[in-house]
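Read through the structure below, which is laid out as structure tokens, and then see the notes.
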Amino acid sequence: LLPEDSDIGLNRVHHTATRNGVREWVLDAESARYQKQENKTILKRVSVTFFLKNGKTVHLTGREGVLLTDTKDMEISGDVVVRSSSNELKTERLYYDHKSRSISTDTPIVVSGEGIYLTGASMAFSFDTEQAMVSGGVKTVVESYGL
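Residues in the sequence shown are numbered from -9 upward in steps of one, following my numbering.
Have a look at this one:
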């Protein structure tokens, strides 16, 4: 049974977002509940793959999510993990802004990768420029390779 505030419920959801014919991201979820009045879809066990201009991908997973159907903005929460080919970021909540193609969080982060470990209180990352900004009590450990 659907909660009263839900108009449609689906299992095993797969959604692709494109802009000007270019695939920007693909979302998969175990389940989704669409709430038409609020223009949002409530997601469970979410996985999103973002496609970068250089052909690389970034994968995001979380326990829950909200997709705003009019803007394609998202909020993912619960054991959020973001993986690229070289790094992994962990946090509890992450926002995706579709217009600017960026992700951000105001919850503590841990980034680990080949030869680096970084923590901070918040972070923003642009998929278009591939630049990140980490703020608040930033600590970094970089392994030495015989400098």
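Beta carbons: idealized from backbone N, C-alpha and C, even for Gly.
What does residue 54 pair with, by DSSP beta-bridge criteria?
34 and 67
Three Cβ pairs or more, each shorter than 8 Å: is that satisfied between the region 72 to 79 and the region -2 to 17?
no
Within its chain, find whatever has a CB closer than 6 Å to the CB of residue 51; leave out the 5 residues flanking it on each side and keep chain order.
37 and 71
Note down the Cα distance separating residue 109 from residue 81, rounded to an integer number of angstroms.
10 Å
Taking just the CA atoms, how far does residue 114 sit from residue 92?
7 Å
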